[in-house]
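Heads up, the thing below is written out as structure tokens.
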Amino acid sequence: MKSREKWIERALLLAALSSVTMLALIAVFVFVEGTPIMVREGIGHFILGRRWAPTKEAYGILPMIVGSIWVTIGALVIAGPFGLACAVFLVEVAPRRVADIVRPAIQLLAGIPSVVYGFVGIIVLVPLVRERLGGPGLSILSAAVILGIMVLPTVISISQDALEAVPRSYREGALALGCTQWQAISRVVVPAARSGIGTAIVLGMGRAIGETMAVIMVVGNAVKMPGSLLDPARTLTSNIALEMAYAAGEHREALFATGVVLFIFTMALNTLAVLQSKRRTRD
Amino acid sequence: MAVAAAASIGLCSCGRGSTGGLTIAGSTSVQPIAEMLADRYTAVHPSFVINVQGGGSSAGVRAAQTGAAQIGMASRKLKPDETGLQEHLMARDAIVLIVNPANPIRALRKKQACDIFAGRIRNWREVGGREGAVTCITREEGSGTRGAFEEMVMGKAEEISADCIVQDSTGAARALVAGDRNAIAYVSLGMVTSEVVALEFDGIKPSHEAVMSGRYPIARPFLLLTKGKPTPAAQTYIDFVLSPESQATIEEEGYVPVRRAARP
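Those protein sequences? They're chains G and V, same order as listed. One rule links them: number in the working numbering = place in the first sequence (from 1) + 1018. One rule links them: number in the working numbering = place in the second sequence (from 1) + 340.
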């Protein structure tokens, strides 16, 4: 009996390790394929170079780094306030029956394939931006709006958890001191949940920076430094996905190197999220 | 029946080789259509194995010359120093500039097209059109259509501007042009639909006839290359590619067939 327990334990450990091994293998593979060209070209040249023309051996990904950052920040500017407001509504304000309808709807939002978001973007949003605001329509703004909607479920559900973790006594105390409900929410509950909300934003960022398909469809993919929100741009992910199909040799390596940079970005964001939630448990 | 017999001979003749079938390699522009036709052939003849690889036109030429592949694929004319090969023209690929029907422009010269995509002409007024900033749409780096456009319109010295919007399929590029009256893109001739308008290039209206007669300037041949006389397996495939059904498929895919089926 005892030995059987041991075997099951080992099997479970193996299963747990396999996902870690996968991550390690992917990381090693991406770094092995991607770093040689970064070193050859010079890491500074690769990251700060402004010209990307792989068939002419120019590999500079600064416009894409900037593009990724703009699009991600734009998405968070939209998803942050909306997501937080929605979470506050669900946890603090909404009657049970309303929340029971809204919650599954948000879950559903997370289940829609990204290509569908992209399609809606290209059919509805892009022409709207083009007609009303000018420019080609395929732009950072369009991508930010679509991504903002896509990361809403992440931001909402994690902020919701954070708000629910705030003890009832805080609310009761605030109300007992004569706060209105809004004052209790804005002065007591939300500040008490702020590190959890911070985690929600950071994880939302991670999701936004890694999203590919929907972005390719609406961002325009032009490799240049974006000058305004209405300009097209290219993100790190769309660069890889766009060109991988035909890439060979150095070009392929350069795409892997793009992956390395993206990997570092996502790792940094995830670490930030972990640190933040650690801080929360310490508080 | 005859084809099946030829196919089995083909198999036997190269059964000693390591691949045990037919290897085709070369131009990534030809690859998709070559693959599609190979799949169609092997669906009917499951014992016949066809392996289609990319690598580019020059690699295709080399593969055919060295015998690494029984058939090489090239999407350009052979250079004078590329000798020892038999050419089998399977199709032609013509590139057409398209604009939105609401755009009054109906013709461009090569110089103008080059200036537009290089980012020097930025307003339609400069080529005699209405006031409006040009939105040029290009394909991704590495795409065969882009390669053909760069080679035949931009030339060696010019580069497609980084300001151009990049789309990863003909369908996407066409959809953008259909929705934006200031947009211009390039697509294969067969991909032109009524949502967009194909422009005259250097005074020549793009049409199958103009391409086949060689008058339309932005067109390139799709060649199957063999070292001397094709092996029986290679011959079987070439015959299949040149058959009326395959040529019809080639036309459906947007290329210009070598033999055009009589239209009803």
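For each residue, glycine too, the CB sits at the ideal point set by N, CA and C. None of these values were measured; they are calculated from a predicted model.
- Query: Of all the CB atoms in chain G, is at least one closer than 7 angstroms to the CB of Gly400 (chain V)?
  - Reply: Residue 400 (chain V) sits at position 60 when you count from the first residue of the second sequence. Chain G contact via Cβ: absent.
- Task: Check whether the Cβ atoms of Phe1281 (chain G) and Val1048 (chain G) sit closer than 7 angstroms, and answer yes or no.
- Result: Residue numbering aside, residue 1281 (chain G) sits at position 263 when the first sequence is read from its first letter. Residue numbering aside, residue 1048 (chain G) sits at position 30 when the first sequence is read from its first letter. With a cutoff of 7 angstroms on beta-carbon distance, Phe1281 (chain G) and Val1048 (chain G) are scored as near each other.
- Query: So Ala1266 (chain G) is in the beta strand (DSSP E); what residue range does that whole segment cover?
  - Reply: Taking the first sequence and counting its residues from 1, one reaches residue 1266 (chain G) at position 248. Counting along the chain, Ala1266 (chain G) falls outside any beta strand (DSSP E), and DSSP gives it neither H nor E.
- Task: Using the Cα positions of Met341 (chain V) and Gly1129 (chain G), report the straight-line distance between them to the nearest angstrom.
- Result: Here residue 341 (chain V) refers to the residue found at position 1 when the second sequence is read from its first residue. Here residue 1129 (chain G) refers to the residue found at position 111 when the first sequence is read from its first residue. Residue placement at Met341 (chain V) is flagged as unreliable, the pLDDT there being 41, under the threshold of 50; a coordinate-derived value is accordingly withheld.
- Query: Could you give the C-beta distance for Pro546 (chain V) and Tyr556 (chain V), rounded to a whole number, given that I count them as a contact under 8 angstroms?
  - Reply: Position 206 of the second sequence, counted from the first residue, corresponds to residue 546 (chain V). Position 216 of the second sequence, counted from the first residue, corresponds to residue 556 (chain V). 6 angstroms between Cβ atoms; contact.
- Query: Where does Cys504 (chain V) fall in DSSP's three states?
  - Reply: For the purposes of this step, residue 504 (chain V) is taken as residue 164 along the second sequence, with counting starting at 1. Here Cys504 (chain V) sits in coil by DSSP.
- Could you give the residue range of the beta strand (DSSP E) that holds Pro1099 (chain G)? The residue labelled residue 1099 (chain G) in the question sits at position 81 within the first sequence. Not the beta strand (DSSP E): Pro1099 (chain G) falls in the alpha helix (DSSP H), residues 1080-1106.
- Item | Between the CA atoms of Val1184 (chain G) and Ser1175 (chain G) - distance to the nearest angstrom | For the purposes of this step, residue 1175 (chain G) is identified with residue 157 of the first sequence, where counting begins at 1. For the purposes of this step, residue 1184 (chain G) is identified with residue 166 of the first sequence, where counting begins at 1. Using only the alpha carbons, I get a separation of about 15 angstroms.
- Item | Among V:Gly469, V:Ala588, V:Ile505, V:Gly495, nearest to Gly530 (chain V) - alpha-carbon criterion | By one-based count along the second sequence, residue 530 (chain V) stands at place 190. Considering only alpha carbons, the answer is V:Ala588.
- Query: Hey, does Val506 (chain V) have any beta-carbon neighbour from chain G nearer than 7 angstroms?
  - Reply: Translated into the one-based positions of the second sequence, residue 506 (chain V) becomes position 166. It does: the Cβ of Val506 (chain V) has a partner Cβ on chain G nearer than 7 angstroms.
- Item | Under 7 angstroms between C-beta atoms of Gly412 (chain V) and Ala403 (chain V) | Numbered from its first residue, the second sequence carries residue 412 (chain V) at position 72. Numbered from its first residue, the second sequence carries residue 403 (chain V) at position 63. A distance below 7 angstroms separates the beta carbons of Gly412 (chain V) and Ala403 (chain V).
- Message: Is Cys1197 (chain G) close to the ligand COA? I mean its beta-carbon at under 6 angstroms from any heavy atom of the ligand.
- Response: Here there are no bound small molecules, and the ligand COA is not part of this structure.
- Which partner residues of Val392 (chain V) appear in the DSSP bridge assignment? Locating residue 392 (chain V) in the second sequence gives position 52, counting from the first residue. In the DSSP output, where bridge partners are listed per residue, Val392 (chain V) has V:Ile364.
- Query: Which residues of chain V have a Cβ atom closer than 9 angstroms to the Cβ of Lys1020 (chain G), listed in chain order?
  - Reply: Here the question's residue 1020 (chain G) lines up with position 2 in the first sequence. Per Cβ cutoff of 9 angstroms: no residues; Lys1020 (chain G) is ~55 angstroms from chain V at best.
- Query: Are three or more beta carbon pairs between the region 1214-1230 of chain G and the region 1157-1169 of chain G nearer than 8 angstroms?
  - Reply: Yes, the region 1214-1230 of chain G is in contact with the region 1157-1169 of chain G.
- Buried/exposed call for Gly558 (chain V), threshold 16 Cβ in 10 Å: Sequence index remark: in the second sequence, residue 558 (chain V) carries index 218 (1-based). Before going further, note that residue 558 (chain V) is Ile rather than Gly in the sequence given. Around the Cβ of Ile558 (chain V), a 10 Å sphere holds 16 or more other Cβ atoms; the residue is buried.
- Indicate whether at least one CB of chain V lies closer than 7 angstroms to the CB of Gly1101 (chain G). Walking along the first sequence from the start, residue 1101 (chain G) turns up at place 83. Interface with chain V (7 angstroms Cβ-Cβ cutoff): Gly1101 (chain G) is excluded.
- Task: Using a Cβ cut-off of 7 angstroms, pull out every chain G residue sitting near Thr363 (chain V), in sequence order please.
- Result: In the second sequence, counting from the first residue as 1, residue 363 (chain V) sits at position 23. Taking a Cβ-Cβ threshold of 7 angstroms, none of the residues of chain G is close to Thr363 (chain V); the smallest such distance is about 18 angstroms.
- Verify whether the separation of the beta carbon atoms of Ala365 (chain V) and Ala409 (chain V) is less than 7 angstroms. Along the second sequence, one-based indexing puts residue 365 (chain V) at 25. Along the second sequence, one-based indexing puts residue 409 (chain V) at 69. Yes, they are a contact pair.
- Message: Between Pro1145 (chain G) and chain V, is the shortest Cβ-Cβ distance under 7 angstroms, so that the two count as touching?
- Response: Start at 1 with the first residue of the first sequence, and residue 1145 (chain G) comes out as number 127. It does; some Cβ of chain V falls within 7 angstroms.
- Taking buried to mean at least 16 other C-beta atoms within 10 Å of its own C-beta, is Trp464 (chain V) buried or exposed? Within the second sequence, residue 464 (chain V) is the residue found at index 124, counting from 1. Burial call: buried.
- Query: At which residue ranges does the region 458-486 of chain V contain complete beta strand (DSSP E) runs of 3 or more residues, listed in the order of the chain?
  - Reply: Within the region 458-486 of chain V, the complete beta strand (DSSP E) runs of at least 3 residues are 475-479.
- Which listed residue (V:Asn391, V:Arg446, V:Gly482) has its alpha carbon closest to that of Leu362 (chain V): The residue you call residue 362 (chain V) lines up with position 22 of the second sequence. Nearest C-alpha to Leu362 (chain V): V:Asn391.
- Item | Within chain G, partners of Ser483 (chain V) - CB distance below 7 angstroms | Against the second sequence, residue 483 (chain V) aligns to sequence position 143. Within chain G, the residues Tyr1264 have their CB atoms less than 7 angstroms from the CB of Ser483 (chain V), given in chain order.
- Message: Please tell me whether Lys1296 (chain G) has its Cβ less than 7 angstroms away from any Cβ of chain V.
- Response: Numbered from 1 along the first sequence, position 278 holds the residue referred to as residue 1296 (chain G). False, the Cβ-Cβ gap to chain V never drops below 7 angstroms.
- Assuming Leu516 (chain V) contacts Ala414 (chain V) under a Cβ cut-off of 8 angstroms, what Cβ separation, rounded to an integer in Å, is found between them? Position 176 of the second sequence, counted from the start, is the residue given in the question as residue 516 (chain V). Position 74 of the second sequence, counted from the start, is the residue given in the question as residue 414 (chain V). With 8 angstroms as the limit, Leu516 (chain V) and Ala414 (chain V) do not qualify as a contact, their Cβ atoms being about 31 angstroms apart.
- Mind checking Arg1205 (chain G): buried by the 16 CB within 10 Å criterion, or exposed? Position 187 of the first sequence holds residue 1205 (chain G). So Arg1205 (chain G) counts as exposed.
- Task: Kindly indicate if chain G contains any beta-carbon less than 7 angstroms away from that of Thr571 (chain V).
- Result: As a working mapping, residue 571 (chain V) is identified with position 231 in the second sequence. No - not a single Cβ of chain G is within 7 angstroms of the one on Thr571 (chain V).
- Unbroken beta strand (DSSP E) run spanning Ala523 (chain V), endpoints: Here residue 523 (chain V) refers to the residue found at position 183 when the second sequence is read from its first residue. Counting along the chain, the beta strand (DSSP E) containing Ala523 (chain V) begins and ends at 523-528.
- Task: Let me know if Arg460 (chain V) comes out buried or exposed under the rule of 16 or more other beta-carbons within 10 Å of its beta-carbon.
- Result: Translated into the one-based positions of the second sequence, residue 460 (chain V) becomes position 120. Within 10 angstroms of the beta-carbon of Arg460 (chain V) lie fewer than 16 other beta-carbons, which makes it exposed.
- Item | Rounded straight-line distance, which links the Cα of Ala1112 (chain G) to that of Val1120 (chain G) | Your numbering for residue 1120 (chain G) matches position 102 in the first sequence. Your numbering for residue 1112 (chain G) matches position 94 in the first sequence. Taking the straight line joining both Cα atoms gives about 9 angstroms.
- Query: Among G:Val1057, G:Glu1023, G:Ser1157, G:Ala1263, which one has its Cα closest to the Cα of Asn1239 (chain G)?
  - Reply: Taking the first residue of the first sequence as 1, we reach residue 1239 (chain G) at position 221. Among G:Val1057, G:Glu1023, G:Ser1157, G:Ala1263, the Cα nearest to that of Asn1239 (chain G) is on G:Ser1157.
- Kindly identify the DSSP beta-bridge partner or partners of Met413 (chain V). Taking the first residue of the second sequence as 1, we reach residue 413 (chain V) at position 73. The secondary-structure analysis by DSSP pairs Met413 (chain V) across a beta bridge with V:Gly366, V:Leu564.
- CB contact below 7 angstroms: Pro1309 (chain G) versus chain V: No information on residue 1309 (chain G) is available, as it lies outside the stretch 1019 to 1301 that chain G covers here.
- Query: How about Asn522 (chain V) and Gly472 (chain V): do their beta carbons lie closer than 7 angstroms?
  - Reply: In the second sequence, residue 522 (chain V) corresponds to position 182, counting from 1. In the second sequence, residue 472 (chain V) corresponds to position 132, counting from 1. Contact flag set, yes.
- Mind listing the chain V neighbours of Arg1148 (chain G)? Cutoff is C-beta to C-beta under 7 angstroms, in chain order. Taking the first sequence and counting its residues from 1, one reaches residue 1148 (chain G) at position 130. Going along chain V in sequence order, the residues near Arg1148 (chain G) (Cβ under 7 angstroms) are Asp520.
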